[in-house]
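Trainee:
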Amino acid sequence: MILTLDMMIHGIATYEAPEDFFQYVKTELQKQVEPDAYREVTMENVVKKTTIAIDFFIKELIVDKAVAETDKSRSEIESIINKIEDYSLN
């Protein structure tokens, strides 16, 4: 399962609530493993992959790209990313 920068940008641009963002990512990742009935995409994996991706892609790159490709302001994008980073499954 690969979480791409484009997937992150689309999710951030489309969904403000972390739950909605993670559900979108889960759905996209599930599409990648559908042919393999033994691979399950759990919400725990989605949250973990997202946190790793934010660190890997460098938060500023995500913010810059999301601002350039959406109608959201820098502060709106940063707020959404902060909610995603702070999200807990508990």
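Be aware that the sequence shown starts at 9, since it is given in my numbering, and climbs by one per residue. A virtual CB, placed ideally from N, CA and C, is assigned to each residue, including glycine.
Using the Cα positions of Ser83 and Thr12, report the straight-line distance between them to the nearest angstrom.
Mentor: Counting from 1 along the sequence shown, the entry for residue 83 is found at position 75. Counting from 1 along the sequence shown, the entry for residue 12 is found at position 4. If I take the Cα positions, the gap works out to 22 Å.
Trainee: Kindly list the residues whose CB is nearer than 8 Å to the CB of Val75, restricted to its own chain and excluding five residues on each side of it in sequence; keep chain order.
Mentor: Translated into the one-based positions of the sequence shown, residue 75 becomes position 67. Within the same chain, Val75 has close Cβ partners Ser81, Arg82 and Ile85.
Trainee: Going by the CB atoms, is the gap between Thr58 and Val41 shorter than 8 Å?
Mentor: Here residue 41 corresponds to residue number 33 of the sequence shown, with the count starting at 1. Here residue 58 corresponds to residue number 50 of the sequence shown, with the count starting at 1. No, they are not a contact pair.
Trainee: Along the chain, where does the alpha helix (DSSP H) containing Pro26 start, and where does it finish?
Mentor: Counting from 1 along the sequence shown, the entry for residue 26 is found at position 18. Looking at the DSSP string, the run of the alpha helix (DSSP H) that includes Pro26 is Pro26 to Val41.
Trainee: Leaving out the 5 sequence neighbours to the left and right, which residues in its chain are closer than 7 Å to Lys67 when beta-carbon positions are compared?
Mentor: As a first step, residue 67 must be located in the sequence shown, where it is residue number 59. Same-chain partners within the cutoff: Ile89.
Trainee: Less than 8 Å between the CB atoms is what I'm expecting for Ile17 and Ile60, so what's the real figure, rounded?
Mentor: Translated into the one-based positions of the sequence shown, residue 17 becomes position 9. Translated into the one-based positions of the sequence shown, residue 60 becomes position 52. The Cβ separation is near 16 Å, so there is no contact.
Trainee: Counting only the same chain and skipping the five closest in sequence on each side, list residues whose C-beta sits under 7 Å from that of Met15.
Mentor: In the sequence shown, residue 15 corresponds to position 7, counting from 1. Closer than 7 Å at the Cβ level, and outside the excluded window around Met15, lie Val33 and Glu36.
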